[in-house]
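Q:
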Ligand SMILES: Nc1ncnc2c1ncn2[C@@H]1O[C@H](COP(=O)(O)OP(=O)(O)OP(=O)(O)O)[C@@H](O)[C@H]1O
Ligand SMILES: [Mg+2]
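Numbering (the numbering used here), first residue to last: 289 to 787.
#1: Closer than 8 Å to a non-hydrogen atom of ligand 1 - does that hold for the CB of residue 459?
#2: Just to confirm, are residue 706 and residue 573 a CB contact at a threshold of 9 Å?
#3: For residue 758, I'd like the list of residues in its chain whose CB is within less than 6 Å of its CB, leaving aside the five on either flank, ordered along the chain.
#4: Taking 7 Å as the limit between beta carbons, can you name the residues of its chain near residue 527, skipping five residues before and five after?
#5: What does the alpha-carbon distance come out to for the pair residue 550 and residue 605?
#6: Quick check: what's the CA-CA separation for residue 413 versus residue 383?
#7: Is residue 587 helix, strand or coil by DSSP?
#8: Give every residue of the same chain whose Cβ lies closer than 8 Å to the Cβ of residue 392, excluding the five residues on either side of it in the sequence, and list them in chain order.
#9: Could you give the first and the last residue of the continuous beta strand (DSSP E) run that contains residue 322?
#10: Ligand 1 and residue 334: does the residue's C-beta get closer than 8 Å to at least one heavy atom of that ligand?
#11: Hey, would you say the C-beta of residue 818 is under 8 Å away from at least one heavy atom of ligand 2?
#12: Within its chain, find whatever has a CB closer than 7 Å to the CB of residue 698; leave out the 5 residues flanking it on each side and keep chain order.
#13: Name the two residues that bound the continuous beta strand (DSSP E) containing residue 238.
#14: Since residue 519 contacts residue 557 with CB under 8 Å, what's their CB separation in whole angstroms?
#15: Cutting at 8 Å between CB atoms, please list the residues of its own chain near residue 593, excluding the five before and the five after it.
#16: Leaving out five residues on either side along the sequence, give the residues of the same chain with a beta carbon under 8 Å from the beta carbon of residue 296.
#17: Could you please give the first and the last residue of the uninterrupted beta strand (DSSP E) stretch that includes residue 230?
#18: Taking three-plus beta-carbon pairs below 8 Å as touching, is the segment 478-492 in contact with the segment 447-458?
#19: If you measure from the CB of residue 689, is any heavy atom of ligand 2 nearer than 8 Å?
#20: Whole angstroms are fine: how far does the CA of residue 743 sit from the CA of residue 578?
#21: For residue 476, which of 417, 344, 292, 562 has the nearest alpha-carbon?
#22: Is residue 721 close to ligand 4? I mean its beta-carbon at under 8 Å from any heavy atom of the ligand.
#23: Going by alpha carbons, who is nearest to residue 377 out of 369, 370, 367, 388?
#24: Can you look up residue 314 in the DSSP assignment and give me helix, strand or coil?
#25: What are the start and end residues of each continuous alpha helix (DSSP H) run of 4 or more residues lying completely inside the segment 615-647, in chain order?
#26: I need the straight-line Cα distance from residue 821 to residue 468, nearest angstrom please.
#27: Using only the alpha-carbon positions, how far apart do residue 775 and residue 766 sit?
#28: Examine ligand 1 and report whether any of its heavy atoms sits within less than 8 Å of the Cβ of residue 420.
#29: Cα separation between residue 507 and residue 363?
#30: Is it the case that the segment 609-616 contacts the segment 688-695, given that we only count it when at least three CB pairs across the two stretches are under 8 Å?
#31: Could you give the first and the last residue of the continuous alpha helix (DSSP H) run that contains residue 491?
#32: Kindly indicate which three-state DSSP category residue 299 falls into: helix, strand or coil?
#33: Is residue 567 near residue 542, with beta carbons less than 9 Å apart?
#34: Helix, strand or coil: how does DSSP classify residue 676 here?
#35: How about residue 386 and residue 407: are their beta carbons less than 9 Å apart?
#36: Can you check DSSP and say which residues form a bridge with residue 501?
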């Protein structure tokens, strides 16, 4: 093997009592995609932060070429050719792509004349190198998040990055954007760049990775060639046990409708003519491509963008849902997709985060019942296997996936009549995913209706009693559970037999 681009030796890192990394060793070769896998809280992001200089390790060495470091600084890491592509790119929205690239790549130039022509050419060249169809003159604010990620990658290349790290880059990407990213990864790899790739989607790992390293509880439990292991083997390494990939069975029949939509639409969000019943005790899957109007429909039902056409009826008659307060009063809860940004209050302990939406109920007349709050939180932490020091730990001390579980717990605690889940298992590891599926079934057994929005087709197929398919802002099919993937996709794409 050639000399590695990067080698980590026996890295240790603890945060106030939590041993996040325990003697982790790792190496990255030129031109390889090395996937980093592990359950939520296993230490993946911490390892990345050690490499980018965002976190100082307690012990161990970071070896780059023939130099060994006890720690890196962010500026030092950048200068050594290490770049990290974040989910939320840090670009200046009002400036153009070329200007953003120039700011990143040109040293502070004092009074030097700005050469606009060469700036533009540099930007165009870098974008062309990764095959990104983005005009250099476009203002960054007009670009989608994934396009901004591509600009970040262009920046990384322009800065001469030899090591590019991607921590769950595809979580918010559409299919097409994902394909573009994979193409860019292939180009980088061909150029001899080493890529560290983190994802909970195992199919991506098998498509992209040359090698995989699995972390469990802060320890590396193995590194191997991706072709030398299969999905079941990887899961076993990550979780330490076999995980049933079988979806739990649903009820024999659903109950009365909890919500009936007739011709519901909203001009502002482009939803129109949706007629649909959501019944007690059922999982109604909501399928469709990104942009089909699924989240927009959820926003109507939760009163975020109220309907301006059609009628909505509850169990006993017509209802008006003009605000989230109205929705909550009707027993409708909504777990949004973007839990990373809107889910968890970082400064607040987990326990307060969990009870935020039911504060009035468990603290009547302002009377503090810490025990109730603590017990309730511990119960949800157990059910969702939240990895944390305890209910008092701050939201901000949790790993990304564990923050998502806390956001989910908050809405579960409201004991809603209708629970709307938008991409509930995105960013969640395989073990916890099957626990969430079991929990959903437990809720429906108690008579709660669940509207499940998910881009994970096997999840929709496996969990749903019925599947509603949207396309272009409206409902195009309602299919029975047990429908096959082909039929659902055909309806979502508008091809063939939309029932
Ligand atoms: N700032 C912090 N303060 C305290 N503990 C922290 C902090 N950041 C991370 N941890 C803890 O370190 C451990 C590893 O977290 P890390 O974010 O590296 O996990 P991860 O593998 O990236 O998980 P995920 O898949 O959920 O993103 C977790 O137990 C987490 O709670
Ligand atoms: Mg992480």
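A virtual CB, placed ideally from N, CA and C, is assigned to each residue, including glycine. Owing to the predicted nature of the structure, the values given are computational and were not obtained by experimental measurement.
A: So, from the listed chains and residues:
#1: The residue you call residue 459 lines up with position 171 of the chain shown. Incorrect: residue 459 has no Cβ contact closer than 8 Å to ligand 1.
#2: On the chain shown, position 418 is the one that residue 706 refers to. On the chain shown, position 285 is the one that residue 573 refers to. Their beta carbons are not under 9 Å apart, which means residue 706 does not touch residue 573 by this criterion.
#3: Taking the chain shown and counting its residues from 1, one reaches residue 758 at position 470. The answer, listed in chain order, is 576, 580, 581, 582.
#4: Residue 527 sits at position 239 when you count from the first residue of the chain shown. Hits under 7 Å: 327, 718, 719.
#5: By 1-based counting over the chain shown, the position of residue 550 is 262. By 1-based counting over the chain shown, the position of residue 605 is 317. Those two C-alpha atoms are separated by around 13 Å.
#6: Mapped onto the chain shown, residue 413 falls at position 125. Mapped onto the chain shown, residue 383 falls at position 95. In a straight line, the C-alpha of residue 413 is about 18 Å away from that of residue 383.
#7: Residue 587 sits at position 299 when you count from the first residue of the chain shown. DSSP places residue 587 in helix when its eight states are reduced to three.
#8: Within the chain shown, numbered from 1, the residue matching residue 392 stands at position 104. 443, 446, 447, listed in sequence order.
#9: The residue given as residue 322 occupies position 34 in the chain shown. 321-326 is the span of the beta strand (DSSP E), which, as asked, contains residue 322.
#10: Locating residue 334 in the chain shown gives position 46, counting from the first residue. Result yes, Cβ under 8 Å from ligand 1.
#11: Residue 818 is absent from the model: the chain starts at 289 and stops at 787.
#12: Within the chain shown, numbered from 1, the residue matching residue 698 stands at position 410. Once the five neighbours on either side are set aside, the close Cβ partners of residue 698 are 641, 642, 644, 645.
#13: Nothing about residue 238 can be reported from this structure: the residues present for the chain run from 289 to 787 only.
#14: Position 231 of the chain shown, counting from 1, holds the residue named residue 519. Position 269 of the chain shown, counting from 1, holds the residue named residue 557. That pair is no contact at about 38 Å.
#15: Here the question's residue 593 lines up with position 305 in the chain shown. Within the same chain, residue 593 has close Cβ partners 554, 556, 557, 584, 587.
#16: Residue mapping note: residue 296 aligns to position 8 of the chain shown, counting from 1. So the qualifying residues of the chain are 312, 313, 314, 315, 335, 338, 339, 348, 349, 350, 351.
#17: The requested residue 230 does not occur in the structure, where the chain is confined to residues 289 to 787.
#18: yes
#19: The residue labelled residue 689 in the question sits at position 401 within the chain shown. Result yes, Cβ under 8 Å from ligand 2.
#20: Counted from its first residue, the chain shown places residue 578 at position 290. Counted from its first residue, the chain shown places residue 743 at position 455. When rounded, the distance between both Cα atoms is 8 Å.
#21: Within the chain shown, the letter at position 188 stands for residue 476. Of the candidates 417, 344, 292, 562, the one whose C-alpha sits nearest the C-alpha of residue 476 is 417.
#22: Only ligand 1 and ligand 2 can be found as ligands here, which leaves ligand 4 out of the picture.
#23: Taking the chain shown and counting its residues from 1, one reaches residue 377 at position 89. Out of 369, 370, 367, 388, 388 has the C-alpha closest to the C-alpha of residue 377.
#24: Sequence index remark: in the chain shown, residue 314 carries index 26 (1-based). Of the three classes helix, strand and coil, the one that applies to residue 314 here is strand, per DSSP.
#25: 627-630, 638-643
#26: Coverage of the chain is limited to positions 289 through 787, which leaves residue 821 absent and any answer about it impossible.
#27: Position 487 of the chain shown holds residue 775. Position 478 of the chain shown holds residue 766. Taking the straight line joining both Cα atoms gives about 11 Å.
#28: Residue 420 sits at position 132 when you count from the first residue of the chain shown. Incorrect: residue 420 has no Cβ contact closer than 8 Å to ligand 1.
#29: In the chain shown, the residue the question calls residue 507 occupies position 219. In the chain shown, the residue the question calls residue 363 occupies position 75. Taking the straight line from one Cα to the other gives about 28 Å.
#30: no
#31: One-based indexing of the chain shown puts residue 491 at position 203. Segment 490-496, the alpha helix (DSSP H) holding residue 491.
#32: The count along the chain shown starts at 1 and reaches residue 299 at position 11. In the structure shown, residue 299 sits in a strand (DSSP, three-state: E or B).
#33: Your numbering for residue 567 matches position 279 in the chain shown. Your numbering for residue 542 matches position 254 in the chain shown. In contact: residue 567 and residue 542 (Cβ atoms closer than 9 Å).
#34: In the chain shown, residue 676 corresponds to position 388, counting from 1. Looking at residue 676 - three-state DSSP - the assignment turns out to be coil, as it is neither helix nor strand.
#35: Here residue 386 corresponds to residue number 98 of the chain shown, with the count starting at 1. Here residue 407 corresponds to residue number 119 of the chain shown, with the count starting at 1. Cβ atoms of residue 386 and residue 407: closer than 9 Å.
#36: Start at 1 with the first residue of the chain shown, and residue 501 comes out as number 213. Paired residue(s): 324, 511.
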